[in-house]
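Okay, structure first, notes after.
There are 2 protein chains.
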Amino acid sequence: MSKTTIRDVAKRAGVGVGTVSRVLNNSPAVSDATRQKVQSAIEALNFSPNPAARRLSQGKTMAIGVIVPFFTNPSVVRRLQGVVSVLSVSKYDLILFDIEKVNQRDMSLRTIPQRKLADGLLLISLTPSDIDVEQFALANIPVVLVDAYHPALSRVLVNNVQGGYQATKHLIDLGHRKIAYISDYLDDPFNSPVRDRFTGYKQALAEAGIAYREEYHLQGEHGRSPARHLTHTLLDLPDPPTAVFAYSDTQAIGAIEAARESGLSVPGDLSIIGFDNIEAAEYLRITTIRQALFESGVKGAGLLLNLMETPAAEPQEILLPTKLIDRHTTAQYGKKQLSGQIAALQT
Amino acid sequence: MSKTTIRDVAKRAGVGVGTVSRVLNNSPAVSDATRQKVQSAIEALNFSPNPAARRLSQGKTMAIGVIVPFFTNPSVVRRLQGVVSVLSVSKYDLILFDIEKVNQRDMSLRTIPQRKLADGLLLISLTPSDIDVEQFALANIPVVLVDAYHPALSRVLVNNVQGGYQATKHLIDLGHRKIAYISDYLDDPFNSPVRDRFTGYKQALAEAGIAYREEYHLQGEHGRSPARHLTHTLLDLPDPPTAVFAYSDTQAIGAIEAARESGLSVPGDLSIIGFDNIEAAEYLRITTIRQALFESGVKGAGLLLNLMETPAAEPQEILLPTKLIDRHTTAQYGKKQLSGQIAALQT
DNA sequence: CTGAAAGCGCTAACAA
DNA sequence: TTGTTAGCGCTTTCAG
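Respectively, the protein sequence lines represent chains B and W. The first sequence: position 333 = 333 (my numbering), numbered continuously. The second sequence: position 176 = 523 (my numbering), numbered continuously.
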């Protein structure tokens, strides 16, 4: 079974290999009679064509490469789920690449396209450099960015400036004046959302006539634990903030833990707002900014599929909105309220 | 660039294609001098070999197929992350297949192997039928099961009977006698863990001299919301249980919601124990049975890689232990305690 | 150590 | 309509 080729089928059906190939590819130029013969030969032999050979001869891989950084990041996973949901019902196979290390990044982004492993590429939360983009062009492979931006590439992204603004505004409306922002490193060239949300944060502050305080903006590695530490230093400030806007829900969780460890109630003593609206945010009732994670993957995959059919002259852009989800980790400034407390996170 | 072939390189280096191929494959039978020439030609031309051609000629795909059901299930995702972590540093590409529908299941399991897309297959939480296994054998492709069992296939699995026993025993030790089990459908032929945990549940009950009560075992679709409904029917029983063992943490969360909606405190009025120890369980402080999700993926991928190198006569088995993680959703029977309450899930 | 040539299994152009 | 044949780009004998 393993070694049945198109030739075996041809022989058994008493036709030429070309005809078998035509049947395989649903060419209309085959009489029903022969098509029948070939079909039954195929079934009798339990034959299925070797994709490698097909790929080689037509120069298409029928696969889409999806590149993600830090596959453990819940929001990346959520986007990927969106991608998978559309690709798994398409005719394309999905090849997954995970880029954990920064130096891996450059290497992979360069080699993956030129390896001609895929007919299209989807980058999730990964901003390519100009050199990378050049490679894509050289390899002549369609690329779509999800949650990342490059002027030359089609992308689906979320309005992060707006989201940062909404989060901060929400806190301001609640009466807070001392509002911190904890985030990933701002100077990471491949992470523009950090900067965008920061921009929104400062916009809201400025609009409300609140001076930006440098000590209220702390950066660190992404993750719960680093965020916890960041929040502790915030809380240890001589004049600590009364509210914190966390770059992600994951970091918001770390912030909540820190508050708890410091004996502070959330939101009674400290208001915390996250970003993303991952599942855990719902369970934990964290106030957050919703971005359409899953949908961004769906749209991205859809866009890529389109582009592969009919290439567009101009890069396309799909912009997804953000929305405040008001839950239980933010409260009016100065108003102690114990009921909303995150007891689940307390010892 | 896109069209540079091994022949171009050969020409430029002034050698034959065979030699270039040898260099590409690190054959020792090349003099340093020529190797140098070829190397620089490769770099000058920015050449990289076409994998489809390579695959065709050596009959290997250098890819591993990973098949998962319901990619949205958090524990499946966690296992997959383990798989990715090892595969992404291996020389194999990872082709991901998601099987959402049951009828998709049969189709895919049959066609994927014979498509010769991958040199090895990893099934996560998916039990193949005998017919599937036959196909694997026919295609002569190594397969490893993660969180699934078939006598003819290598696998890494968790001791679910033990886990079910531990969970139930924990509840019994706490003084509970009326213990429910909510789970996925028991008769799903492809989900043996449900049955295994059920076995453990009954064992613990029997050992403690507690009669098994049919009305205390409710089955439904997997997921938070179905579990919520199940728990409500449990709670509406004339003689409701005082503790529930949920097949998964996801379902435990649904159970907690139901308790909250019924005005019951957890664990004061109702003890709830989950299974898996997904991330959310930690945030929510849910008592649960830990199974090494990520690790199971790592081991599975490792095992497959081994098997591909050196096929084993006998199917291999790696058994991972379970462990009780005592958190805040279970308590001594009859002892009202409000402190551990899951306030985060309350209105 | 190296070049030439025969495939790997399939598609597509060309005849018939 | 159908059969035949020339590649697709690479690996791998087989000579030399």
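All C-beta atoms in this analysis are idealised placements derived from N, C-alpha and C, irrespective of residue type, glycine included. Every value quoted in this text rests on a predicted model; they were computed, and no experiment measured them.
From ALA44(B), THR72(B) and GLY274(B), residue whose alpha carbon lies closest to that of VAL430(W)
As a first step, residue 430(W) must be located in the second sequence, where it is residue number 83. That would be THR72(B), whose Cα lies nearest to the Cα of VAL430(W).
Assuming contact is defined by CB atoms lying nearer than 8 angstroms, are HIS578(W) and ILE529(W) in contact in what I supplied?
Translated into the one-based positions of the second sequence, residue 578(W) becomes position 231. Translated into the one-based positions of the second sequence, residue 529(W) becomes position 182. Looking at the sequence itself, residue 578(W) is Thr, so the reference to His does not match. It is a contact, given that the beta carbons lie within the stated cut-off.
Item checked: According to DSSP, residues forming a beta bridge with HIS217(B) -> By 1-based counting over the first sequence, the position of residue 217(B) is 217. For HIS217(B), which the question treats as bridged, DSSP gives the partners TYR181(B).
Pairwise C-alpha distance: LYS202(B) and LEU776(W): With chain W running from 348 to 694 in the structure shown, residue 776(W) is simply not present.
- Is DSSP giving SER262(B) helix, strand or coil here? In the first sequence, counting from the first residue as 1, residue 262(B) sits at position 262. Note: SER262(B) maps to coil in three-state DSSP.
_Runs of beta strand (DSSP E) wholly within the stretch 399–437 of chain W (minimum 3 residues, chain order)_ = 410–416
Query raised in the report: Distance, Cα to Cα, ALA53(B) vs VAL20(B)?
Result: On the first sequence, residue 53(B) is found 53 positions in, with the first residue counted as 1. On the first sequence, residue 20(B) is found 20 positions in, with the first residue counted as 1. Roughly 15 angstroms between the two C-alpha positions.
Checklist entry - Residues of chain B with a CB under 7 angstroms from the CB of ASN373(W): which are they? => result Numbered from 1 along the second sequence, position 26 holds the residue referred to as residue 373(W). In chain B, no part has a C-beta under 7 angstroms from the C-beta of ASN373(W); the shortest such distance is about 17 angstroms.
> Taking Cβ-Cβ distances shorter than 8 angstroms, what residues in chain B pair up with PRO398(W)?
Replying inline: Working through the second sequence from its first residue, we reach residue 398(W) at position 51. Residues of chain B passing the Cβ test: ARG115, LYS116 and LEU117.
message: Helix, strand or coil, according to DSSP, for HIS675(W) in the structure here?
response: The residue given as residue 675(W) occupies position 328 in the second sequence. Three-state DSSP puts HIS675(W) in coil, outside helix and strand.
Note to self: For the pair the stretch 194–201 of chain B and the stretch 150–170 of chain B, tell me if three or more CB-CB distances fall below 8 angstroms.
What the structure shows: Yes, the stretch 194–201 of chain B is in contact with the stretch 150–170 of chain B.
Item to check | Nearest-angstrom beta carbon gap, VAL38(B) and ALA13(B) [assumed within contact, 8 angstroms] | outcome: Taking the first residue of the first sequence as position 1, residue 13(B) is located at position 13. Taking the first residue of the first sequence as position 1, residue 38(B) is located at position 38. Correct: roughly 5 angstroms between the Cβ atoms.
Run through chain W and tell me which residues come within less than 9 angstroms of GLU134(B), C-beta to C-beta. As a working note, residue 134(B) is residue 134 in the first sequence. Within chain W, no residue comes near GLU134(B); the closest Cβ sits about 10 angstroms away, beyond 9 angstroms.
Is the CB of PHE190(B) under 8 angstroms away from at least one CB in chain W?
One-based indexing of the first sequence puts residue 190(B) at position 190. No, PHE190(B) does not count as interfacial toward chain W.
How about GLU5(B): is its C-beta nearer than 8 angstroms to some C-beta of chain W? Counted from its first residue, the first sequence places residue 5(B) at position 5. It is Thr, not Glu, that sits at residue 5(B) in the sequence shown. Chain W contact via Cβ: absent.
### Message
Considering only their Cβ atoms, is the gap separating PRO398(W) from MET655(W) smaller than 8 angstroms?
### Response
The residue given as residue 655(W) occupies position 308 in the second sequence. The residue given as residue 398(W) occupies position 51 in the second sequence. No, they are not a contact pair.
Open item on the list: Under 8 angstroms, Cβ to Cβ, is there at least one residue of chain B near PHE444(W)?
Closed with: Along the second sequence, read from residue 1 onward, the residue named residue 444(W) stands at position 97. True, the Cβ-Cβ gap to chain B drops below 8 angstroms.
**Request:** For ASP355(W), decide whether its Cβ has a neighbour in chain B, counting only Cβ atoms nearer than 8 angstroms.
**Result:** In the second sequence, the residue the question calls residue 355(W) occupies position 8. The C-beta of ASP355(W) comes no closer than 8 angstroms to any C-beta of chain B.
Give the DSSP-derived three-state secondary structure of LYS682(W) in the structure shown. Position 335 of the second sequence, counted from the start, is the residue given in the question as residue 682(W). Here LYS682(W) sits in coil by DSSP.
Establish whether the CB of LEU504(W) and some CB of chain B are separated by less than 8 angstroms.
-> Here residue 504(W) refers to the residue found at position 157 when the second sequence is read from its first residue. No, no contact with chain B.
_Just to make sure I have the definition right: I need the residues of chain B whose C-beta is within less than 7 angstroms of the C-beta of GLU626(W). Which are they?_
The residue you call residue 626(W) lines up with position 279 of the second sequence. ALA280, listed in chain order.
Please confirm whether GLN371(B) has its beta-carbon closer than 8 angstroms to some beta-carbon of chain W.
Chain B is shown from 1 up to 347; residue 371(B) falls before or after that span and cannot be answered.
Note the first and the last residue of the continuous alpha helix (DSSP H) segment covering LEU667(W).
On the second sequence, residue 667(W) is found 320 positions in, with the first residue counted as 1. Note, LEU667(W): premise wrong, no alpha helix (DSSP H); beta strand (DSSP E) at 664–667.
Any idea what DSSP makes of ILE272(B), helix, strand or coil? Position 272 of the first sequence holds residue 272(B). Correct three-state label for ILE272(B): strand.
Worksheet item: Can you name, in chain order, every residue of its own chain whose Cβ lies under 7 angstroms from the Cβ of LEU434(W), other than the five neighbours on each side?
Response: Within the second sequence, numbered from 1, the residue matching residue 434(W) stands at position 87. Counting only Cβ-Cβ distances below 7 angstroms, and skipping sequence neighbours, we find ILE411, LEU441 and ALA648.
Item to complete: Mind listing the chain W neighbours of PHE71(B)? Cutoff is C-beta to C-beta under 7 angstroms, in chain order.
Response: Along the first sequence, read from residue 1 onward, the residue named residue 71(B) stands at position 71. Within 7 angstroms Cβ-Cβ: GLN428 and VAL431.
Check: Based on the DSSP secondary-structure assignment, which residues constitute the bridge partners of ASP445(W)?
Finding: Translated into positions along the second sequence, residue 445(W) becomes position 98. DSSP lists VAL415(W) as partners of ASP445(W).
message = Could you pull the DSSP bridge partners for VAL146(B) from this structure?
response = To locate residue 146(B), count along the first sequence from 1; it is residue 146. DSSP, once it has assigned bridges, lists ILE124(B) and VAL156(B) as partnering VAL146(B).
query = For the 8 angstroms Cβ check, are there 3 or more pairs between the stretch 170–180 of chain B and the stretch 154–162 of chain B?
reply = no
Integer-rounded CB distance, given that SER437(W) should sit under 8 angstroms from ILE446(W)
Walking along the second sequence from the start, residue 446(W) turns up at place 99. Walking along the second sequence from the start, residue 437(W) turns up at place 90. With 8 angstroms as the limit, ILE446(W) and SER437(W) do not qualify as a contact, their Cβ atoms being about 24 angstroms apart.
TODO: List the residues of chain B that ILE672(W) touches, going by C-beta distances under 7 angstroms, in chain order.
DONE: For the purposes of this step, residue 672(W) is identified with residue 325 of the second sequence, where counting begins at 1. Within 7 angstroms Cβ-Cβ: nothing; ILE672(W) doesn't reach chain B, min ~15 angstroms.
Exercise for review: Pick out whichever of ASP130(B), LEU138(B), ASP8(B) and HIS170(B) has its Cα sitting closest to the Cα of PRO151(B).
Suggested key: Against the first sequence, residue 151(B) aligns to sequence position 151. If we check each option's Cα against that of PRO151(B), ASP130(B) comes out closest.
- Count the C-beta pairs between the stretch 287–294 of chain B and the stretch 260–279 of chain B that are closer than 8 angstroms, then say yes if the count reaches three, no if not. yes
- In whole angstroms, what is the alpha-carbon distance linking GLU43(B) and ASP466(W)? Reading the first sequence from its first residue, position 43 is the one you call residue 43(B). Reading the second sequence from its first residue, position 119 is the one you call residue 466(W). C-alpha separation (whole angstroms): 24 angstroms.
Original post:
Quick one, which of GLU562(W), ALA590(W), GLY610(W) and TYR594(W) has its alpha-carbon nearest THR580(W)'s?
Top reply: By one-based count along the second sequence, residue 580(W) stands at place 233. Comparing Cα positions, the closest option is GLU562(W).
Consider the Cβ of ARG195(B): report whether some Cβ of chain W lies at a distance smaller than 8 angstroms. Taking the first residue of the first sequence as 1, we reach residue 195(B) at position 195. No, its Cβ sits nowhere closer than 8 angstroms to a Cβ of chain W.
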